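Just below is one structure, and these are the notes that go with it.
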Amino acid sequence: MSDVDIRKVVEEELNNIAPEVDMASVDPAADLREAIDIDSMDFLNFITAIDHRLGIAIPEIDYPKLVTLDGAVAYIAAHLGSGKG
Amino acid sequence: MAEFRMPSLGADMEAGTLVEWLVKPGDHVKRGDIIAVVETQKGAIEVETFQSGQIEKFLVDLNGKVPVGTPLAEIRTEGEAEPVAAAAAPPIKPAAPMVAPPPAQAPVIAPSPPVVPAAAGLRASPAARRLAEQRGIDLSSVTGSGPAGAITYADIERRLGAAPAAAPERKRAPGLDLNAMRVAIAAAMARSKREIPHYYLEHQVDVTPCEQWLSQKNATLPPDSRLLFGALAIKAVALAARRFPAVNGFYRDDKFEPAPAAHVGVAIAIRCGGLVAPALHDADQLSLDALMGRMRDLVQRTRSGRIRSSEISDPTITVSSLGERGVEALYGIIYPPQVAIVGFGKVVERPWVVDGAIGPRSVITMTLAADHRVSDGHAGALFLAEIGRLLQEPDKL
């Protein structure tokens, strides 16, 4: 799965949570919690969706690595690549 | 003969629009079954019946807006004779109870088909979805006017009546119903401040034990089974509320009615502005896992406009939390006719004295706004302290 495809999945799942946000306008280095106004429940739903869709059960301890769009894409790419997915 | 009436879903509601029946005449229903969908200022609400029996007839046409209390259907209760006209009809076997689709069928952020990303996460009432499906309308081509841009039945009707569609709008502006929700909030909060003599207390609690317990537990669980601090907070409030009945119940007709159960209203923010606090029923009785599952379901349904009537009218006390961002303390306004609201600020790292030594601890500020007609600060203080005590032993919640 290419980084472009991963970014598409991440953006789709974030849009499921925040449908009114134009993901193209979100700074990929910005803290998503601020940038698209998501709370801990939204974030858990995002992590759950990534698990259900890509088979990566991201541990809580790694959550800080996924708080930006770029960070989430890089993390998922690394873990899909490791064969965990 | 019993009447199924337009329910009052909050002190501020005057009328509602019947948009869907989930049963038909002749169907057997039992208390608690969801039998109709009503659109209100709070969005589409699934309405349960309080009567068991057989649906005799409908009294209001679909899409009729009628005042609260208007009979919508007649229900022949158990033991009542069948009316003469119906006597010739073949007896209807007690059917399986008619219930709405289980919450599990809600599109809980289901992966969207890549071909139609615009349709993903669209918010629409069940009635709107059904009408759109029947008439072949692509929901993504409809601009929602409901809470958070949710598509209402009326939006689909407008779309059907409209000339060939304008270009589909990707962004859904907050529309009329969000304004209506604001009006509802304004009415309830103004009434609260007018009528309820609030008193306010605040209490700081070391929640390090909760954080440690949660991280240990969640480390072994897949994401869809993980717990949030909010579940612990709600359980602790519910347990404490059962021990301090003066904060749990309703003030109506100049007297306090203590509640026989702890139905905790959970304040849920609607994206783009809006707030609803539906009930988590019997939160004191639920295991943390069950409570968390119910909370996720409730938040999901609330934000997609699928709350049930009992969830709107039932809360006996409310919990409001502004989450892990933002402020350290919030002072709530009681939602009438309730008599108390508990606020949780964000968890912050603070120097704290434990066993005579100063160390970093995770601290949360809890607040209580309570009705002074019913309780005094002393009882309120004991109630808050009890919540704090319960949060010291998360494994016993």
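The listed protein sequences correspond, in order, to chains A and B.
What the first sequence shows, in our numbering, is residues 23 to 107, in sequence order.
What the second sequence shows, in our numbering, is residues 32 to 428, in sequence order.
By construction, the Cβ of each residue, glycine as well, lies at the ideal position given by its N, Cα and C atoms.
A quick note: this is a predicted structure, and the numbers were derived from the prediction, not measured.
- In this structure, the alpha-carbon of R332(B) lies about 18 Å from that of G41(B).
- In the three-state reduction of the DSSP assignment, K55(B) falls in the coil class, being assigned neither a helical nor a strand state.
- Among the CB atoms of chain B, one or more fall inside 8 Å of the CB of A79(A).
- With 16 or more neighbouring CB atoms inside 10 Å of its own CB, G296(B) falls in the buried class.
- Pairing I72(A) with I98(A) gives a Cβ-Cβ distance under 8 Å.
- The beta-bridge partner set that DSSP reports for Q235(B) consists of T396(B).
- A contact between stretches requires three or more CB pairs, one per stretch, nearer than 8 Å, and the stretch 364-372 of chain B fails this requirement with the stretch 319-336 of chain B.
- Apart from the 5 residues on each side of it in sequence, A211(B) sits with its Cβ closer than 7 Å to the Cβ of Q72 in its chain, given in chain order.
- Residues F375 of the same chain have their beta carbon placed closer than 6 Å to that of A264(B), with the five preceding and five following residues left out of the count.
- In terms of beta-carbon proximity, A57(A) stays away from the interface with chain B, with every pair separated by 8 Å or more.
- Interface with chain A (8 Å Cβ-Cβ cutoff): D255(B) is included.
- Residue state for G390(B) is assigned as strand, using DSSP reduced to three classes.
- For V268(B), the enclosing alpha helix (DSSP H) has its first and last residue at F260 to R274.
- The shortest CA-to-CA distance from R107(B) to any of V60(B), I65(B), V68(B) and V69(B) is the one to V60(B).
- Residue environment: Y184(B) is assigned as buried (16 or more neighbouring CB atoms within 10 Å of its CB, all protein chains considered).
- S223(B): member of the alpha helix (DSSP H) spanning L207 to E226, first to last residue.
- As a beta-bridge residue in DSSP terms, D402(B) pairs with H229(B).
- Contacts between C303(B) and chain A, judged by CB atoms closer than 8 Å, involve E42 in chain order.
- Against chain A, a Cβ distance below 7 Å from E355(B) picks out S62.
- E242(B) sits in a helix when the DSSP states are folded into three classes.
- Close CB contacts of T80(B) within its chain, under the 6 Å cut and outside five residues either way in sequence, are with F35, V60, D64 and I66 (chain order).
- For a Cβ distance threshold of 9 Å, residue set P253, P254 and D255 of chain B lies close to D73(A), ordered along the chain.
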